[in-house]
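The block underneath contains the structure these notes are about, expressed in structure tokens.
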Amino acid sequence: AAGVIQSPRHLIKEKRETATLKCYPIPRHDTVYWYQQGPGQDPQFLISFYEKMQSDKGSIPDRFSAQQFSDYHSELNMSSLELGDSALYFCASSLGLAGEDYEQYFGPGTRLTVT
Amino acid sequence: GQQVMQIPQYQHVQEGEDFTTYCNSSTTLSNIQWYKQRPGGHPVFLIQLVKSGEVKKQKRLTFQFGEAKKNSSLHITATQTTDVGTYFCAGRYSGTYKYIFGTGTRLKVLA
């Protein structure tokens, strides 16, 4: 079965550079969530989208922006990168809005290292 | 604020022993999901609980949602080495479209 695809899997950037992370949800899934997970930490919710509209926002820095496109894939844009942005970034997709209580399918994650 | 606490942070058990992790929220949750994350892997969905007092079982795993929908637990009977990983609960509050993850319980099973 098709899973959530994230690219790239690994990314190394320098401070103050920009990064773009991509997420391709499972076919027919219309909801995407972005999470940030530091080493030994729990996933922290960043932002979510339903049907190409932002549905909720968490602890996402103003330097970050995201959107969901017409084909339901999503991109997380990160600018002015800081050392503290180094983390594993997960995208998860689900069928329907969270209010309808569907499980989230997580992608393999993008490991971002800022030097 | 909206926060989900989880205990214990770590648990080492001998293979065959039971294991329980607990999640607690200060305010009522709409629903709660449980995930397992293996070392180096991504969270994998286990179960979702929606109703007050709900109990669900999956083979050796038993999940409970408290009557007040503020706490939940995951109990594993007779642990196996394949149960190793970090178990997270993730709660959603009414009127929101995001899941707040608990701090996780890292389970180590000694053969």
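Protein chains in written order, with the working numbering: chain A, 22 to 136; chain B, -16 to 94.
Glycine included, every Cβ here is placed at the ideal spot set by N, Cα and C.
This structure is a prediction, so every number in the text was calculated from the model and none was measured.
Next on the checklist: I need the straight-line Cα distance from glycine 128 (chain A) to asparagine 98 (chain A), nearest angstrom please.
Outcome noted: 17 Å
Checklist entry - Taking only beta-carbon atoms, is tyrosine 45 (chain A) less than 8 Å away from chain B? => result no
Checklist entry - Roughly how many angstroms lie between the CA atoms of valine 92 (chain B) and glycine -1 (chain B), to the nearest whole one? => result 9 Å
Item to check | Inter-stretch contact (C-beta, 8 Å, three-pair minimum) for the region 44 to 58 of chain B and the region 3 to 20 of chain B | outcome: yes
Next on the checklist: Any beta carbon of chain A sitting closer than 8 Å to that of isoleucine 83 (chain B)?
Outcome noted: yes
Next on the checklist: Let me check one thing: in DSSP terms, what residues is alanine -2 (chain B) bridge-paired to?
Outcome noted: Alanine is not the amino acid found at residue -2 (chain B); the sequence shown has glutamate there. For glutamate -2 (chain B), which the question treats as bridged, DSSP gives no partner whatsoever.
Checklist entry - If you measure beta-carbon to beta-carbon, which residues of the region 69 to 94 of chain B are closer than 9 Å to chain A? => result Thr69, Phe71, Ala73, Arg75, Ser77, Gly78, Thr79, Tyr80, Lys81, Tyr82, Ile83, Phe84, Gly85, Thr86, Gly87 and Arg89
Item to check | Chain-ordered neighbours of proline -9 (chain B) on chain A, where CB pairs are closer than 8 Å | outcome: Those do not exist, as proline -9 (chain B) stays about 14 Å from chain A at its closest Cβ, beyond 8 Å.
Item to check | Minimum Cβ-Cβ distance from glutamine 88 (chain A) to chain B less than 8 Å | outcome: no
Checklist entry - What separation, rounded to the nearest whole angstrom, lies between the Cα atoms of asparagine 14 (chain B) and threonine 79 (chain B)? => result Distance between asparagine 14 (chain B) and threonine 79 (chain B), taken at the CA atoms: about 11 Å.
Next on the checklist: Determine, for glutamine 126 (chain A), whether the minimum Cβ-Cβ distance to residues of chain B falls below 8 Å.
Outcome noted: Looking at the sequence itself, residue 126 (chain A) is tyrosine, so the reference to glutamine does not match. True, the Cβ-Cβ gap to chain B drops below 8 Å.
Checklist entry - Exposed or buried, what is aspartate 63 (chain A) when buried is set at 16 or more other beta-carbons lying within 10 Å of its beta-carbon? => result When all chains shown are included, aspartate 63 (chain A) counts as buried.
Checklist entry - Contact between the region 97 to 115 of chain A and the region 35 to 43 of chain A: three or more CB pairs below 8 Å? => result yes
Checklist entry - Taking 8 Å as the CB-CB limit, is phenylalanine 111 (chain A) close to chain B? => result yes
Item to check | Contact residues within the region -2 to 18 of chain B, judged by C-beta distance below 9 Å to chain A | outcome: Across the region -2 to 18 of chain B, CB contacts with chain A closer than 9 Å involve Ser13, Asn14, Gln16 and Tyr18, in sequence order along the chain.
Next on the checklist: Is it buried or exposed, valine 38 (chain B), if we count other Cβ atoms within 10 angstroms and call 16 or more buried?
Outcome noted: Classification of valine 38 (chain B): exposed, given that the 10 Å Cβ count is below 16.
Next on the checklist: Distance cutoff 8 Å, beta carbons only. Does tyrosine 71 (chain A) sit that close to anything in chain B?
Outcome noted: yes
Checklist entry - Taking a cut of 7 Å between CB atoms, which residues from the region 27 to 38 of chain A lie near chain B? => result none
Next on the checklist: Applying the 10 Å Cβ sphere with the 16-neighbour rule, what's the burial state of threonine 52 (chain A)?
Outcome noted: Taking all protein chains in view, the Cβ of threonine 52 (chain A) is crowded by 16 or more other Cβ atoms within 10 Å, so the residue is classified as buried.
Next on the checklist: So for threonine 3 (chain B), helix, strand or coil by DSSP?
Outcome noted: Threonine 3 (chain B) sits in a strand when the DSSP states are folded into three classes.
Checklist entry - Alpha carbon to alpha carbon, how far is histidine 94 (chain A) from glycine 59 (chain A)? => result 24 Å
Checklist entry - Is it the case that the Cβ atoms of isoleucine 83 (chain B) and phenylalanine 2 (chain B) are separated by a distance below 8 Å? => result no
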